[in-house]
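Count the sequence shown with my numbering and you get residues 151 to 466, in order.
Glycine included, every Cβ here is placed at the ideal spot set by N, Cα and C.
No experiment lies behind these values; they were computed from the predicted model shown.
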Amino acid sequence: MIDRLRRETKERVGSLFQWADGFSRGSLGVSIQAIRSFNEAWATEAAAAIAYYALFSLFPLLIILVVVSSTLLQNQDVQDQILNLVSEILPPGEDLARENLQRVLELGRLPPAQEILKENVQQVMKLRVPVGIAAALGLLWASTSVFTALAQNIDRAWQGAAKRNYLKWRILGLSMAGGLMVGLLVVSLFLESLFGLLSQIPGGNAPIYETWFLKVLSDLIPVLLVFLISFVLYLWAPNTEVRRSEAGWGALAATFSWTVSKMAFSWYLVIWTARHQLVYGSLGAVVALMLWVYLSGMIILYGAHLSAAIGQRRRI
Numbered sequence: 151m152i153d154r155l156r157r158e159t160k161e162r163v164g165s166l167f168q169w170a171d172g173f174s175r176g177s178l179g180v181s182i183q184a185i186r187s188f189n190e191a192w193a194t195e196a197a198a199a200i201a202y203y204a205l206f207s208l209f210p211l212l213i214i215l216v217v218v219s220s221t222l223l224q225n226q227d228v229q230d231q232i233l234n235l236v237s238e239i240l241p242p243g244e245d246l247a248r249e250n251l252q253r254v255l256e257l258g259r260l261p262p263a264q265e266i267l268k269e270n271v272q273q274v275m276k277l278r279v280p281v282g283i284a285a286a287l288g289l290l291w292a293s294t295s296v297f298t299a300l301a302q303n304i305d306r307a308w309q310g311a312a313k314r315n316y317l318k319w320r321i322l323g324l325s326m327a328g329g330l331m332v333g334l335l336v337v338s339l340f341l342e343s344l345f346g347l348l349s350q351i352p353g354g355n356a357p358i359y360e361t362w363f364l365k366v367l368s369d370l371i372p373v374l375l376v377f378l379i380s381f382v383l384y385l386w387a388p389n390t391e392v393r394r395s396e397a398g399w400g401a402l403a404a405t406f407s408w409t410v411s412k413m414a415f416s417w418y419l420v421i422w423t424a425r426h427q428l429v430y431g432s433l434g435a436v437v438a439l440m441l442w443v444y445l446s447g448m449i450i451l452y453g454a455h456l457s458a459a460i461g462q463r464r465r466i
């Protein structure tokens with residue numbers, strides 16, 4: 151009696167799922183398959199590792215960007231645009247980034263770890279070459295680690311993907327870090343040129359963030375940047391053939407989830423910042439930054455598993 155009831159219940163649930171999956175044109179089944187694959191790949195633990203490595207790569211990455219932009223362009227505004235992009239992508243990281251970059255190398259040399267927050271950005275501008283070399287050496291290890299971990303876990307979403315050796319993973323991670331730096335620099339240059347052009351238009355002397363057009367633009371650019379980064383990662387990180395449509399749908403889902411999560415996390419910061427500081431003290435901002443990177447890592451990895459689930463469904 152009980153066994154028959156279980157079979158009937160299972161059949162009804164299965165029929166209901168098939169109806170819902172058909173009604174959603176396969177979206178429900180693909181989403182569930184992505185969640186199952188996400189859990190089987192231990193993606194939450196992978197996101198924690200990515201957050202750990204990101205903590206060591208973020209600030210060297212920013213230092214190199216600022217040094218390169220200031221060396222090539224002699225323009226302080228480009229640095230501000232880079233920091234603005236960082237604040238949009240990493241809400242808890244804006245204050246940390248600005249404080250770190252504005253106090254780098256007060257004594258004209260790399261200080262010990264406990265003196266990092268006593269550095270001065272003015273000395274960075276005078277010592278671009280040694281600072282750039284030191285930051286590049288630190289970034290060479292740290293950035294390849296975070297991007298290698300990210301690429302490896304995106305690759306794991308695709309069953310049957312060919313294996314890469316250690317050197318190839320490191321080269322891929324370094325290429326991803328370099329591509330991200332170039333992309334941020336290009337976007338910052340574009341924004342600075344656009345703002346300069348708009349300021350020459352009659353009536354364009356108002357502060358840029360007080361105009362509705364630039365408010366919309368400042369909100370859209372980080373979203374587009376996240377979509378492009380996700381799309382490229384899903385397309386090129388897996389060591390297998392990935393169609394553009396598969397990478398695109400995964401990137402679209404990840405971007406939407408990231409945007410909603412960013413709004414929720416910004417609200418969370420407003421409510422809980424004081425409590426974080428009570429518990430963690432001066433490390434509260436660092437904890438919030440790592441939490442946001444962890445959440446972003448899970449979103450990016452789920453988008454990869456969703457892309458793989460779409461690919462598997464289409465190849466059946």
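### Task
Go to residue 186, then tell me how far its alpha helix (DSSP H) extends in each direction, as first and last residue.
That run of the alpha helix (DSSP H) goes 177–190.
### Query
With a cut-off of 8 Å, do at least 3 Cβ pairs link the region 441–454 to the region 193–203?
Between the region 441–454 and the region 193–203, the count of Cβ pairs shorter than 8 Å is three or higher; the stretches touch.
### Segment contact flag, the region 379–389 with the region 452–463, C-beta cutoff 8 Å, min 3 pairs
Yes, they touch.
#### Entry: Three-way DSSP call (helix, strand, coil) for residue 460 in this model
Helix, per DSSP.
### Message
Please identify the residue among 322, 327, 184 whose C-alpha is closest to the C-alpha of residue 212.
### Response
Looking at the Cα atoms, 327 is the closest of the given residues.
### Task
Evaluate contact between the region 183–195 and the region 433–443, counting only Cβ atoms and requiring at least three cross-stretch pairs below 8 Å.
Contact between the region 183–195 and the region 433–443 is absent: fewer than 3 CB-CB pairs across the two stretches fall below 8 Å.
### Query
Helix or strand or just coil, what does DSSP make of residue 388?
Three-state result, residue 388: coil.
### Buried or exposed by the 16-neighbour rule on C-beta atoms within 10 Å, applied to residue 369
The residue is exposed, with fewer than 16 neighbouring Cβ atoms inside 10 Å.
### Message
Can you list, in chain order, the residues of its chain with a C-beta nearer than 6 Å to that of residue 311? Leave out the 5 residues immediately preceding and following it.
### Response
So the qualifying residues of the chain are 305, 388, 389, 390.
### Query
Exposed or buried, which one is residue 453 when buried takes at least 16 other CB atoms within 10 Å?
Around the beta-carbon of residue 453, 16 or more other beta-carbon atoms lie within 10 Å, marking it buried.
### Query
Do you know whose CA, among 375, 320, 324, 309, lies nearest residue 340's CA?
Minimum Cα-Cα distance from residue 340 among the listed residues 375, 320, 324, 309 corresponds to 375.
### Task
Given a cut-off of 8 Å, decide if residue 382 and residue 405 are closer than it, judged by their beta-carbon atoms.
Taking 8 Å as the Cβ cut-off, residue 405 and residue 382 do not qualify as a contacting pair.
### Task
State buried or exposed for residue 420, treating a residue as buried only when at least 16 other CB atoms are found within 10 Å of its CB.
Under this definition residue 420 is an exposed residue.
### Task
Under 6 Å Cβ to Cβ from residue 308, same chain only, skipping five residues before and after it: list those, please.
The residues are 388, 390, 458.
#### Entry: Status (buried if at least 16 other CB within 10 Å, exposed otherwise) for residue 180
It counts as buried.
### Query
Around the C-beta of residue 412, are 16 or more other C-beta atoms found within 10 angstroms, so that it is buried, or is it exposed?
Burial check for residue 412: the Cβ neighbour count within 10 Å reaches 16 or more, so the residue is buried.
### Message
Quick check on DSSP: helix, strand or coil for residue 309?
### Response
DSSP places residue 309 outside both helix and strand once states are collapsed to three, so it counts as coil.
#### Entry: Anticipated Cβ contact below 8 Å, residue 451 with residue 303, distance rounded
6 Å between Cβ atoms; contact.
### Task
With DSSP collapsed to three states, give me the class of residue 453.
The answer is helix: DSSP assigns residue 453 an H, G or I state.
### Message
For residue 395, count the other beta carbons within 10 Å of its own beta carbon; 16 or more makes it buried, fewer makes it exposed. Which is it?
### Response
Result: exposed.
### Message
Using the Cβ count rule (16 or more neighbours within 10 Å means buried), how would you classify residue 384?
### Response
Buried is the call here.
### Query
Can you give the beta carbon distance from residue 204 to residue 443, rounded, assuming they're within the 8 Å contact cut?
Taking C-beta atoms under 8 Å as the contact rule, residue 204 and residue 443 qualify, at a distance of about 5 Å.
### Chain-order list of residues whose beta-carbon lies under 6 Å from that of residue 183 (same chain, five-residue window excluded)
Correct list, in chain order: 459.
#### Entry: Distance, residue 208 Cα to residue 324 Cα
C-alpha separation (whole angstroms): 14 Å.
### Query
Is it the case that the Cβ atoms of residue 301 and residue 322 are separated by a distance below 8 Å?
Annotated as proximal: residue 301 and residue 322, with beta-carbon spacing under 8 Å.
### Cβ shell of residue 266 (< 6 Å), same chain only, five flanking positions each side left out
Note that residue 266 has pLDDT 38, beneath the 50 cutoff, so the model's placement of it is unreliable and no number is given.
### Message
Here's a check: name, in chain order, each residue in its chain whose Cβ is nearer than 6 Å to the Cβ of residue 262, leaving out the five neighbours to either side.
### Response
Because the pLDDT of residue 262 is 40, which lies under 50, any placement of that residue in the model is unreliable, and the question is left without a value.
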